[in-house]
Amino acid sequence: MPLFVNEPVERLSRPYARRWWALLVLCLSLMISVMANTALTVAAPAMTRDLDLSSSDLQWVIDAYTVPYAALMLLLGAIGDKYGRRGSLVLGLLIMAAGGVAGAFADTSVQVIVVRAVMGFGAAMIMPATLSLLAATFPREERAKAITIWAATSGLSIAAGPLIAGVLLKGNGWGSTFLINVPVCVVAVLAAYVLVPPSKAGDRGRIDYGGGVLSVIWSGALIYMIIDGPHFGWGASAFTAAGIAGLGLLLFVGWELRHPRPILDVRKFAQRAFAGANLAIAVFFLAVFGVFYYLTQHFQFVLDHDPLETGIRMLPLALGVFLGAAATGALTPRLGPGVMVTVGMVGGTTALALLVGVDASSTYADFVAPLALLGVSLGLAVSPCTDTIMGAFPESELGVGGAVNDTSLELGGSLGIAVLGSALASSYAANLTDATEGRDVPPEALEAATDSVAAGNAVAQSFDEKARQLAEQAAQASPEDAAALERQAAEVARGSVQMADAVGSAFSDAVSRTSLIGAVVLGAATLVVAVLMRGKPARPRPPEQQGPHPEPQRPAVATGAGR
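Take 186 as the starting number for the sequence shown in my numbering and just add one per residue.
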């Protein structure tokens, strides 16, 4: 067998011999895309300090990755189908590597935001390519198992990002979390040429660029609105983005219904199982990303763990995902994807409900069971959902199928951080204001402290620093002045302790209330998904029933419907 694989997988007369090694490369590429987002949660405090980021700066540092990532996946997935899925994967990895180099040496907020946007563009090429190459490379009888491993990797990457970032931050600056992408991307590119066979649609036809551009407009505007409105206020920019998103979506649907070869056949959403699987992924990742967002802050700023310790404490989530995903291989053929997804969502709702009990006295032990249960539930649900979504697309649209799956995931994650993050912020600010009422806290200090839990801790530390300075002055002052300075230092020190306690209590209560909101949203969605995904999902229509421009069909991804 030659060192570099050049024979397209579609031309092989038998299953590709090194397909499981190819899956390893695809999972490594997937991890790079997911971890580029989650690793930033533990690097954010150091980045905020070094670059003097405001809360809005930090929000856009995080979300600049998300906008192009979610908006471009559908169009880039279609381009990959037509011109080459492996080429799309490799180009995306190279863009991620270039972004990692630039990010490591960025020294302003604008530079970091631009770098994150470039990396989001690369990830939008990588994510759909990983799923489409997987589906093209594996035969039907093995595809469900391969997708299970892919889905488990996706969940594991969420927790692995903070852990790896925590290790790097022990002896390095925040730039190391960007630079680590470079060698991993280079290895993935070389391995792709050695292990992953090239693949593209045999009869993709002309790409529907009109629909592609409309998809970029409406989804990009929607993501912008999701970020801008909850975090920065529902002003003109948020409402303008909402209007563009709504109009763009209507135009997109109308265009796709009339186009002979649409970039996405929107009629698929009339299929109950397909619609239910997309809804389940979106809402589940809304909950997971929201929980991840506020628990990493709670571990660092309330329980006082450093980035590495925070990453380690998220491992029950990763272990749970692995166990849940492993169980789907045995249970899905017996119970069907609908039951598995519903059970997973019920478990996720229960995990969030357990977090409602969080308060100022909670220790890390109180978080272990909810994290593990959330991980198991995620592992149970994601693989059957992805199976169902990919099974609805013919071979010529595997990249589009992967893009639909990943767009649902990213939209849900963005909503989780925006909606649950906004609920968290407003609850924390209100709680802290109530907790400090009647205390001698300067108004400007209180206003700063209500911005975020990190800002609240900084205010408490500033009081402590002021008390230390007063104590030093007292040691050098005359006896008469020393007594007054010592009393003042003691009073400020008590204020520092009280502020720190108030911040921790306010944020703990905010975590509890936000978890309740998440549990209600996920629970309501569970009922809808259970109805939509009951029974067996329909197979893709045969070519003769697909209208005037039939596409060559590949057997559906193995789900409960096809076994």
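We put the beta carbon where it would ideally sit given N, CA and C, even for glycine. In this text the structure is predicted, and so the values were computed from the model without any measurement.
| Check | Outcome |
| --- | --- |
| C-beta atoms of V473 and G564 nearer than 8 Å | no |
| Proximity to G439 [Cα-Cα], best of S422, G395, Q482 and F469 | G395 |
| Separation of S384 from E195, as counted between CA atoms | 7 Å |
| Simplified DSSP state of P579, which is helix, strand or coil | coil |
| Alpha carbon of G745 to alpha carbon of R452, nearest angstrom | For G745, the predicted structure reports a pLDDT of 37, less than 50, and the residue's modelled location is therefore unreliable. The matter cannot be settled from this model. |
| Given 8 Å, three or more beta-carbon pairs between the region 310 to 320 and the region 579 to 596 | yes |
| C-alpha distance - D450 paired with E441, whole-angstrom precision | 7 Å |
| Q646, buried or exposed, once every other Cβ within 10 Å from all chains shown has been counted against 16 | exposed |
| Buried versus exposed, by CB contacts within 10 Å (16 or more), E595 | buried |
| Assigned secondary structure, L364 (DSSP; H/G/I helix, E/B strand, else coil) | helix |
| Identity of the residue in V638, F459 and V706 nearest A577 by Cα | F459 |
| The region 704 to 723 in contact with the region 667 to 680 per 3-pair CB rule at 8 Å | no |
| Alpha helix (DSSP H) segment containing A202, residue limits | A202 -> no alpha helix (DSSP H), and no H or E assigned at all. |
| Nearest-angstrom Cα separation, counted from Q456 out to R726 | Because R726 sits at a pLDDT of 47, beneath the cut-off of 50, its placement in the model cannot be relied upon, and the following sentence gives the value as read from the coordinates. Taking the straight line from one Cα to the other gives about 11 Å. |
| V682 vs L617 beta-carbon contact at 8 Å | no |
| Unbroken alpha helix (DSSP H) run spanning N463, endpoints | R457 to Q482 |
| Host alpha helix (DSSP H) of M281 (start-end) | R270 to A289 |
| Identity of the residue in E582, R719, G420 and I429 nearest G390 by Cα | E582 |
| Between the CA atoms of S700 and A427 - distance to the nearest angstrom | 26 Å |
| Neighbourhood of F189 by C-beta distance below 7 Å, restricted to the same chain and skipping five residues each side | Y378 and V379 |
| Closest Cα partner of S361 within the set R446, A615 and A229 | A229 |
| CB of G307 within 8 Å of CB of I280, strictly | yes |
| Best match in C570, L559, M499 and V227 for proximity to G355 [C-alpha to C-alpha] | Residue identity check: residue 355 is Lys in the sequence provided, not Gly. Comparing Cα-Cα distances from K355 to each of C570, L559, M499 and V227, the minimum goes to V227. |
| Burial state of W245 (16 or more Cβ within 10 Å) | buried |
| Given 8 Å, three or more beta-carbon pairs between the region 323 to 338 and the region 268 to 284 | no |
| Cβ neighbour criterion (16 or more within 10 Å) applied to W403 | buried |
| Opening and closing residue of the alpha helix (DSSP H) in which R498 lies | P492 to R498 |
| Cβ contact (3+ pairs, closer than 8 Å) linking the region 474 to 481 and the region 598 to 610 | yes |
| Buried versus exposed call for P722 [16 or more other C-beta atoms within 10 Å across all chains shown] | Residue placement at P722 is poorly supported in this model, since its pLDDT is 49, which falls under 50; the coordinates are not used for a value here. |
| Residue from Q654, V526, L508 and E327 with nearest C-alpha to L717 | V526 |
| Within the region 208 to 238, ranges of the alpha helix (DSSP H) (whole runs, at least 4 residues) | 225 to 236 |
| Continuous alpha helix (DSSP H) stretch holding A430: start and end | A421 to R443 |
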